[in-house]
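Using my numbering, the first residue of the sequence shown is number 24, and each one after it goes up by one. Cβ coordinates follow ideal geometry from the N, Cα and C atoms, glycine included. Keep in mind the model is a prediction, meaning the values are calculated, not measured. Written below as structure tokens is the structure these notes are about.
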Amino acid sequence: MKLYRSFMTVGGLTMVSRLLGFLRDILIASALGSGAIADAFFVAFRFPNLFRRLFGEGAFNSAFVPLFAKRLEGEGEEAAKTFAEEAMAGLLLVLVIVSAAAMLAMPWLMMLLAPGFVTDPAKYDLAVDLTQIAFPYLACMSLVALLSGVLNSMHRFWAAAAAPILLNVVLVSSIALAIGLGYSRQPAAGYVLAGGVFVAGLVQLAMLWFAVRRAGLRLHFVRPRYSEGVKRLVQLGIPGLVSGGITQINIVVGTIIASLQAGAVSYLYYADRLYQLPLGIVGVAVGVVLLPDISRRLRAGDTVAALDSQNRSLEFALMLTLPAAVALAVAANPIIQVLFERGAFTAADTPNTAAALAAFAFGLPAFVLIKVFQPAFFAREDTSTPMRYAAVNMVVNVVGSVGLFFLFRWLGYPPHIGIALATTAAAWINAAMLFVTLTRRGNFVSDPRLSRNLPLIVLASIAMGVVVYAVGQALLPWLDRSAPFAWQVAGLTAVVTSGLVVFAVIILATGVMAPGQLRRFFARRK
């Protein structure tokens, strides 16, 4: 139950962040739509975001947390503090070099990131400018990832989970300012947003820095040196760059290919933002909480408790992810229409974005399973196995994206759907390889509770999907784009609520989640 409470803390704060992210994306869609300015900004935002995932979240979640936790549990707080300072100094040195080189070389790097922009010089130049403005966000957020790892290892999840809320608050304020100044559909809006990204990075870094100090760990900037701890961090972190950041790598690959079709970058971005909501709430919560939990239990020699944590994490993840995936696939069109179809985002953009969302939704459980399985490797300081599987994932995604993009174009279908399908297929292959390897090594064994509950969760999700579809068909007049907006919101709310009620009733009736468990959970939180 303590593990579930940690999941809910991180997941609840992540949900707040993602809901603010929806407001941000609704405003961006209204102001920029899916045109050249939107494409340029999304590329600019994704480029530093990719490196943040690779240098920060990917490498440090897989390598830094187990090493820091081992020192904290075995050698004491002072040894852990020294290691964190050495790691921070080395990371900052690398970030300064990479950021300076990337910003100077951005006019040429953009040819790799968005080759389709070359035919439109104005879009290309705008993308270069916006990326250079936003790129310092990388350094800020990589340090935020390190500080988050420190806090999570100390079982202080609140501040690290709340930091992304600040990003969306700043960006919502930025796009509102751009709209208020009359910059809608103008390049100036892109410049305001890019500046907002940089400011958001500084704000989040300041928040986490003070949170670590309040936790009693006063870190200082020291001279970089290649100590034994840093050497081990590099050995584990290099594979972690690939395995931990594979989702972002695949998104960037999709962006590169999508740049060959006008508007495709924006379609994929809006769809990605929607399926990232459950992935962020569930996947991020599980990944953040599970890694330090398993690391601590393995250090104590309690393998039985480590296996129980994995089983409960898998059960929790699928209980929330499977119904979300079904709902996003079945109700993709009304969801996109109600959330985004206004201003510069036209009725023609809705079906293209909805098709990409449905394709991504089929892969949502796989994306979350990867978040559940990878910590079992990382906690044992094995980052090479997930790296090899991530390499296979990348190959499948690149070959599939290129092949399906041009196949769909040749068949007359929107080619960006092929990119989403390739990403989904690659995720399922990656999750399957992780699961099989853990099972063969004896590092994951399904307990009776999980074996009983998984089929029931699948059954409840299917039943929910049927109800969502039936209610959606019954409320078509309310969901029609010609209906008043309030009716559309009410109709979509009714569709989603009916599905949630059916799923909850089945889950409680079959004993997957007992009412007593919920009462104890909320009583302990209170």
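ask   = Among the residues of its own chain, which have a CB less than 8 Å from the CB of Leu515, if the five just before and after it don't count?
value = So the qualifying residues of the chain are Ala354, Pro357, Ile358, Val361, Leu502.
Option in Lys104, Val141, Ser484 with minimal Cα separation from Ile279 = Checked all of Lys104, Val141, Ser484; the closest Cα to Ile279 is Val141.
ask   = Should Leu380 and Ala294 be called a contact, given that it needs their Cβ atoms to be closer than 8 Å?
value = Yes, Cβ-Cβ distance for Leu380 and Ala294 is below 8 Å.
query = Is the region 161 to 178 touching the region 195 to 215 in the sense that three or more CB pairs, one from each, lie closer than 8 Å?
reply = Because the criterion of three Cβ pairs below 8 Å is not met, the region 195 to 215 and the region 161 to 178 do not touch.
Min CB distance Phe428 to chain B below 8 Å = As a matter of chain content, chain B is missing from the structure shown, which is built from one protein chain.
ask   = In angstroms, rounded to a whole number, what distance separates the CA positions of Gly79 and Pro500?
value = Because the pLDDT at Gly79 is just 48, under 50, the model does not fix this residue reliably, and the point stays unresolved.
key: Opening and closing residue of the alpha helix (DSSP H) in which Leu531 lies   = Per DSSP, the unbroken alpha helix (DSSP H) holding Leu531 starts and ends at 508 to 532.
key: For Phe339, the first and last residue of its enclosing alpha helix (DSSP H)   = It spans 326 to 353 - the alpha helix (DSSP H) in which Phe339 sits, taken as one unbroken run.
task = Please classify Val535: does DSSP put it in a helix, a strand, or coil?
result = Coil at Val535, not helix or strand.
query = Looking only at its own chain, which residues have a Cβ that is under 7 Å from the Cβ of Asn175, when we skip the five neighbours before and after it?
reply = Result list for Asn175: Val88, Ala183, Val311, Pro315, in chain order.
DSSP state of Arg319 mapped onto helix, strand, coil = Helix at Arg319.
task = Could you pull the start and end residues of the alpha helix (DSSP H) that Thr406 belongs to?
result = Boundaries cannot be given for Thr406, as no alpha helix (DSSP H) includes it and DSSP labels it neither H nor E.
inquiry  = So, for Glu364: in the same chain, excluding its five sequence neighbours on each side, which residues have a beta-carbon less than 8 Å away from its beta-carbon?
reply    = Counting only Cβ-Cβ distances below 8 Å, and skipping sequence neighbours, we find Ala370, Asp372, Thr373, Arg504.
inquiry  = By the three-class DSSP mapping on this structure, what secondary structure does Phe467 have?
reply    = Three-state DSSP puts Phe467 in coil, outside helix and strand.
ask   = Secondary structure at Phe9, three-state DSSP: helix, strand or coil?
value = Coverage of the chain is limited to positions 24 through 549, which leaves residue 9 absent and any answer about it impossible.
ask   = If you pair each beta-carbon of the region 471 to 489 with each one of the region 407 to 424, do three or more pairs fall below 8 Å?
value = Contact between the region 471 to 489 and the region 407 to 424 is absent, because fewer than three Cβ pairs lie under 8 Å.
message = Using only the alpha-carbon positions, how far apart do Gly219 and Ala229 sit?
response = When rounded, the distance between both Cα atoms is 15 Å.
task = Put Leu419 into one of helix, strand or coil per three-state DSSP.
result = According to the sequence provided, residue 419 is Val. The question's Leu does not apply to it. Here Val419 sits in helix by DSSP.
key: Cut-off 6 Å between Cβ atoms - residues of its own chain near Met536, not counting five sequence neighbours on either side   = Contacts found: Ile530.
query = To the nearest angstrom, how far is it from the Cα of Leu2 to the Cα of Val491?
reply = There is no way to answer for residue 2, as the model of the chain reaches only from 24 to 549.
ask   = Does the distance from the C-beta atom of Ser250 to that of Glu109 stay below 8 Å?
value = A contact, by the Cβ cut-off of 8 Å.
ask   = Which residues in the same chain as Ile452 place their Cβ atom closer than 7 Å to its Cβ, once the five residues preceding and following it in sequence are excluded?
value = If we look at Ile452 and ignore the five residues flanking it on each side, its Cβ neighbours are Val415, Asn416, Val419.
ask   = Going by the CB atoms, is the gap between Ala378 and Ile440 shorter than 8 Å?
value = Their beta carbons are under 8 Å apart, which means Ile440 touches Ala378 by this criterion.
ask   = How is Met129 classed by DSSP in three states: helix, strand or coil?
value = When secondary structure is reduced to three states using DSSP, Met129 falls in the helix class.
ask   = From Phe428 to Ala124, what does the alpha carbon distance come to, in whole angstroms?
value = Annotation: Phe428 to Ala124 spans about 32 Å, alpha carbon to alpha carbon.
ask   = By Cβ distance, which residues of its chain are closer than 7 Å to Ser282, with the 5 residues on each side in sequence left out?
value = Once the five neighbours on either side are set aside, the close Cβ partners of Ser282 are Ala137, Pro138, Gly139, Phe140, Val288.
request  = Could you say which of Ala493, Asn466, Leu343, Val253 lies nearest to Thr326 if we only look at CA atoms?
outcome  = It is Asn466.
message = What would DSSP say about Glu98, mapped onto helix, strand or coil?
response = The answer is coil: DSSP assigns Glu98 none of H, G, I, E or B.
request  = Assess, as a yes-or-no matter, whether the region 383 to 402 is touched by the region 442 to 460 under the definition of 3 or more beta carbon pairs within less than 8 Å.
outcome  = Note that the region 442 to 460 touches the region 383 to 402; at least 3 beta-carbon pairs, one per stretch, sit closer than 8 Å.
inquiry  = In whole angstroms, give me the CA-to-CA distance for Ile51 and Leu297.
reply    = Straight-line Cα distance between these residues: approximately 14 Å.
ask   = Assuming Ile156 contacts Phe221 under a Cβ cut-off of 8 Å, what Cβ separation, rounded to an integer in Å, is found between them?
value = With 8 Å as the limit, Ile156 and Phe221 qualify as a contact, their Cβ atoms being about 6 Å apart.
message = Quick check on the DSSP output: what are the complete alpha helix (DSSP H) runs of length 4 or more inside the region 278 to 309, in order along the chain?
response = Entirely contained in the region 278 to 309, the alpha helix (DSSP H) runs reaching 4 residues are, in chain order, 287 to 301.
request  = Pick helix, strand or coil for Ser176, following the three-state DSSP scheme.
outcome  = Ser176 sits in a helix when the DSSP states are folded into three classes.
query = Does DSSP put Ser250 in a helix, a strand or coil?
reply = DSSP places Ser250 outside both helix and strand once states are collapsed to three, so it counts as coil.
message = Could you give the first and the last residue of the continuous alpha helix (DSSP H) run that contains Pro210?
response = Run containing Pro210: 210 to 237, per the alpha helix (DSSP H) assignment.
query = Where does Lys146 land, buried or exposed, given buried means 16+ other C-beta within 10 angstroms?
reply = By the neighbour-count criterion, in which 16 or more other beta carbons inside 10 Å mark a residue as buried, Lys146 falls on the buried side.
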